[in-house]
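Student: As numbered in numbering that gives the first Met the number 0, the sequence shown has no gaps in its residue numbers, which increase by one up to the final residue, 322.
Yeah, the Cβ is synthetic: ideal placement off N, Cα and C, and Gly gets one too.
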Amino acid sequence: MPYQRPWKSYQELLDLVKSRNMLVTDEPAALSYLERIGYYRLSAYWYPFREFKLEIVEGKGMVGVKQDTFVENTSFVDAAQLYVFDKQLRLLAQDALERIEVAIRVDIAHLLGERDTFAHHDIQNFHTKFAGRVNRHTNQSAFVDWQDKYAGLIHRSKEDFVKHYRITHGNELPIWVATEVWDFGALSQLFSMMKVPDQQKIATKYGVNDFKIFSSWLRSLNYLRNLVAHHSRLWNRNVIDQPKLPKLGEIDWCDGFIGKADLIAKPFLLFAILRHIMKIVCPNTEWHVRLQTHLNAFPEVNSNRKVSAQDLGLSEDWESWWE
């Protein structure tokens with residue numbers, strides 16, 4: 000069905016949510032939020048406050064259907080505070096992701112570079128099965144897909160060091176230079192193609208006994224990185240690219256998530272992975288303390304529909320192992 004809703008002014012948008020039972024105590028401030036952040040982005044934060052109504056749906060019976068109206072005492076401030084909380088959460092994620100990305104770039108470059116200056120261009124340096132797996136969308140091997148991605152990153156790079164190396168030494172960059180143009184996706188994809196002993200060596204450095212678990216962590220952290228880069232909502236989100244977990248007892252803090260699909264599908268597990276790796280990348284880090292403080296400062300809402308930091312998927316007694 001074609002989209003048919005008409006354009007509305009900021010005042011009309013504010014009047015719309017007011018007509019749906021949202022309390023607006025400071026109209027100038029609310030209009031400022033709409034002008035700076037946008038109705039659609041803010042709507043993700045007031046969505047949980049919408050009323051449910053049981054309706055009969057053919058073939059499904061009685062189901063709960065979201066209404067346009069809000070539950071009693073829902074205020075514009077509730078959504079605004081959740082937005083600010085989530086923005087600060089993204090900034091914390093970005094800080095950890097940057098440090099982890101840089102550290103693992105170095106790990107890969109140092110390991111592969113020892114045997115081949117241009118290791119990233121030679122499929123012999125990678126696992127035959129992993130690198131040769133055909134992508135049904137591109138009809139190319141994973142290795143060829145990665146080479147295409149890397150070429151695109153080089154082409155788009157504006158870094159002076161890339162120009163310098165290409166002018167001075169030719170088009171090919173040694174792996175310890177090439178890693179500087181990789182994004183988290185390129186890093187994760189290359190890691191997944193590496194030979195098992197190479198993947199395992201890096202995984203072991205970060206306290207993970209199974210390289211496949213660590214590879215899935217990198218893939219999930221890339222998913223998180225993409226959410227952060229696009230300013231997407233983290234709070235109350237269902238995670239699409241979910242990480243694998245080790246066997247019970249291998250990593251103590253993971254035990255609280257094993258077998259709990261509802262927690263695995265939420266972002267807090269990804270933050271727990273960030274904490275785990277950050278403690279090895281930066282042993283004296285206070286990052287996890289800052290995150291804990293932020294989670295404990297979750298805003299109180301006026302709405303009769305209560306929300307909390309638990310909507311991120313906090314495991315039971317998480318603070319007992321967080322330190």
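How many angstroms separate the CA atom of residue 60 from the CA atom of residue 52?
Tutor: As a first step, residue 60 must be located in the sequence shown, where it is residue number 61. As a first step, residue 52 must be located in the sequence shown, where it is residue number 53. Residue 60 and residue 52: Cα-Cα distance of roughly 13 Å.
Student: May I have a chain-ordered list of the alpha helix (DSSP H) segments no shorter than 4 residues that lie completely inside the segment 285–314?
Tutor: Whole alpha helix (DSSP H) segments, 4+ residues: 286–295.
Student: Do three or more CB pairs link the segment 215–224 to the segment 170–187 at distances below 8 Å?
Tutor: Cβ pair count under 8 Å is three or more, so yes.
Student: Is the segment 242–262 in contact with the segment 66–83, if contact means three or more CB pairs nearer than 8 Å?
Tutor: No: fewer than three Cβ pairs fall under 8 Å.
Student: Thinking just about the alpha-carbon of each residue, which of 92, 14, 50, 9 is nearest to the one in residue 32?
Tutor: Counting from one through the sequence shown, the residue named residue 32 turns up at place 33. For residue 32, the nearest C-alpha among the options comes from 9.
Student: Inspect the CB distances between the segment 306–320 and the segment 273–282 and report whether three or more fall short of 8 Å.
Tutor: Judged by Cβ distances under 8 Å, the segment 306–320 makes no contact with the segment 273–282, as fewer than three pairs qualify.
Student: Using only the alpha-carbon positions, how far apart do residue 198 and residue 214 sit?
Tutor: Taking the first residue of the sequence shown as position 1, residue 198 is located at position 199. Taking the first residue of the sequence shown as position 1, residue 214 is located at position 215. Approximately 8 Å, taken between the alpha carbons.
Student: Just to confirm before moving on: does the CB-CB distance between residue 141 and residue 130 stay below 7 Å?
Tutor: For the purposes of this step, residue 141 is identified with residue 142 of the sequence shown, where counting begins at 1. For the purposes of this step, residue 130 is identified with residue 131 of the sequence shown, where counting begins at 1. Cβ atoms of residue 141 and residue 130: closer than 7 Å.
Student: What residue does the beta strand (DSSP E) around residue 67 start on, and which one ends it?
Tutor: Working through the sequence shown from its first residue, we reach residue 67 at position 68. Its beta strand (DSSP E) spans residues 60–69.
Student: Going by Cα to Cα distance, which pick from 153, 155, 132 is closest to residue 144?
Tutor: Indexing the sequence shown from 1 puts residue 144 at position 145. For the residues 153, 155, 132, the minimum Cα distance to residue 144 belongs to 132.
Student: Quick check: what's the CA-CA separation for residue 23 versus residue 74?
Tutor: The sequence position of residue 23 within the sequence shown is 24, counting from 1. The sequence position of residue 74 within the sequence shown is 75, counting from 1. For residue 23 and residue 74, the distance between alpha carbons rounds to 6 Å.
Student: What do you get for residue 203, buried or exposed, if any count of 16 or more other CB atoms within 10 angstroms of its CB means buried?
Tutor: One-based indexing of the sequence shown puts residue 203 at position 204. By the 10 Å Cβ count, residue 203 comes out exposed.
Student: With DSSP as the reference, label residue 256 as helix, strand or coil.
Tutor: The residue given as residue 256 occupies position 257 in the sequence shown. In this structure, residue 256 counts as coil in the three-state DSSP scheme.
Student: Would the segment 82–99 count as touching the segment 170–180 if we require 3 or more Cβ pairs under 8 Å?
Tutor: Output reads no: the segment 170–180 does not touch the segment 82–99.
Student: Given this structure, state the Cα-to-Cα distance separating residue 165 from residue 106, to the nearest angstrom.
Tutor: Position 166 of the sequence shown, counted from the first residue, corresponds to residue 165. Position 107 of the sequence shown, counted from the first residue, corresponds to residue 106. Computed Cα separation, rounded: 24 Å.
Student: Please specify which runs of the alpha helix (DSSP H), each continuous and at least 4 residues long, are wholly inside the segment 50–122, giving them in chain order.
Tutor: Runs of the alpha helix (DSSP H) inside the segment 50–122: 75–112.
Student: Quick check on residue 41: does DSSP put it in helix, strand or coil?
Tutor: Start at 1 with the first residue of the sequence shown, and residue 41 comes out as number 42. The answer is helix: DSSP assigns residue 41 an H, G or I state.
Student: Report the rounded CA-to-CA distance for residue 168 versus residue 139, giving the unit in angstroms.
Tutor: By 1-based counting over the sequence shown, the position of residue 168 is 169. By 1-based counting over the sequence shown, the position of residue 139 is 140. So the two alpha carbons sit approximately 30 Å from each other.
Student: Is the segment 224–232 in contact with the segment 88–103, if contact means three or more CB pairs nearer than 8 Å?
Tutor: The segment 224–232 vs the segment 88–103: in contact.
Student: What's the gap between the Cα of residue 121 and the Cα of residue 114?
Tutor: As a first step, residue 121 must be located in the sequence shown, where it is residue number 122. As a first step, residue 114 must be located in the sequence shown, where it is residue number 115. Approximately 11 Å between the Cα atoms of the pair.
Student: When you compare only the Cα positions, how much space is there between residue 77 and residue 302?
Tutor: The residue labelled residue 77 in the question sits at position 78 within the sequence shown. The residue labelled residue 302 in the question sits at position 303 within the sequence shown. About 7 Å.
Student: Do residue 29 and residue 13 count as a contact pair if the criterion is CB distance below 7 Å?
Tutor: Taking the first residue of the sequence shown as 1, we reach residue 13 at position 14. Taking the first residue of the sequence shown as 1, we reach residue 29 at position 30. Their beta carbons are under 7 Å apart, which means residue 13 touches residue 29 by this criterion.
Student: Name the two residues that bound the continuous alpha helix (DSSP H) containing residue 29.
Tutor: In the sequence shown, the residue the question calls residue 29 occupies position 30. Residue 29 -> alpha helix (DSSP H) spans 26–36.
Student: Should residue 287 go down as buried or exposed, given a rule of 16 or more other Cβ atoms within 10 Å for buried?
Tutor: Here the question's residue 287 lines up with position 288 in the sequence shown. Buried, because 16 or more other Cβ atoms sit within 10 Å of the Cβ of residue 287.
Student: Among all the DSSP beta bridges, which residues are the ones paired with residue 22?
Tutor: The residue labelled residue 22 in the question sits at position 23 within the sequence shown. Per DSSP, 74.
Student: To the nearest angstrom, how far is it from the Cα of residue 54 to the Cα of residue 150?
Tutor: Here residue 54 refers to the residue found at position 55 of the sequence shown. Here residue 150 refers to the residue found at position 151 of the sequence shown. Distance between the alpha carbons of residue 54 and residue 150 is about 53 Å.
Student: Under the assumption that residue 110 contacts residue 201 (Cβ atoms under 8 Å), give the Cβ distance between them as a whole number of angstroms.
Tutor: Working through the sequence shown from its first residue, we reach residue 110 at position 111. Working through the sequence shown from its first residue, we reach residue 201 at position 202. Yes, they are in contact, since the Cβ atoms of residue 110 and residue 201 sit about 7 Å apart, within 8 Å.
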